[in-house]
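Q: Numbering (full-length UniProt numbering), first residue to last: 1 to 128.
A virtual CB, placed ideally from N, CA and C, is assigned to each residue, including glycine.
Structure provided below as structure tokens; questions to follow.
As structure tokens, this is what we get:
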């Protein structure tokens, strides 16, 4: 009917949210603007602003092929195989939790805000 009409459907993929049961494998990350929360291949989970590290799990070298998993109980864990090398200590029971890389530079686990990297950066709004 419209031979010269092309249609494109864009599907938005959440690159800033990790849901309960999901995992960040080595090299995978959550990203929002200049902020990147990455599970590095050295087993360290690091939050960067551009290239500057703001926070890390201090798990560099504590395992191999580590992954960060948001468990269904709200606990964010870094696993080397089946061994837990780091935990956010936020287990509170089953719920629909999500880890969000926010635009203010803070990575937060929500169900209720239970844990954060506490790296929120001040707003750069101008007051006139």
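For a quick check, are the C-beta atoms of residue 85 and residue 43 less than 8 Å apart?
A: As a position in the chain shown, residue 85 is number 85, starting the count at 1. As a position in the chain shown, residue 43 is number 43, starting the count at 1. In this structure, residue 43 lies closer than 8 Å to residue 85 by Cβ.
Q: Can you tell me whether DSSP reads residue 56 as helix, strand or coil?
A: The residue given as residue 56 occupies position 56 in the chain shown. Residue 56: strand per DSSP, three-state reduction.
Q: Would you list the residues sitting across from residue 90 in a DSSP beta bridge?
A: For this step, residue 90 is matched to residue 90 along the chain shown. Partner(s): none; residue 90 has no beta bridge.
Q: Can you tell me where the beta strand (DSSP E) holding residue 34 begins and where it ends?
A: Counting from one through the chain shown, the residue named residue 34 turns up at place 34. Here residue 34 belongs to no beta strand (DSSP E), and DSSP marks it neither H nor E.
Q: Examine the Cβ distances between the region 51 to 58 and the region 21 to 30 and report whether three or more of them are shorter than 8 Å.
A: The way I'd put it, the region 51 to 58 doesn't touch the region 21 to 30; fewer than three beta-carbon pairs between them come closer than 8 Å.
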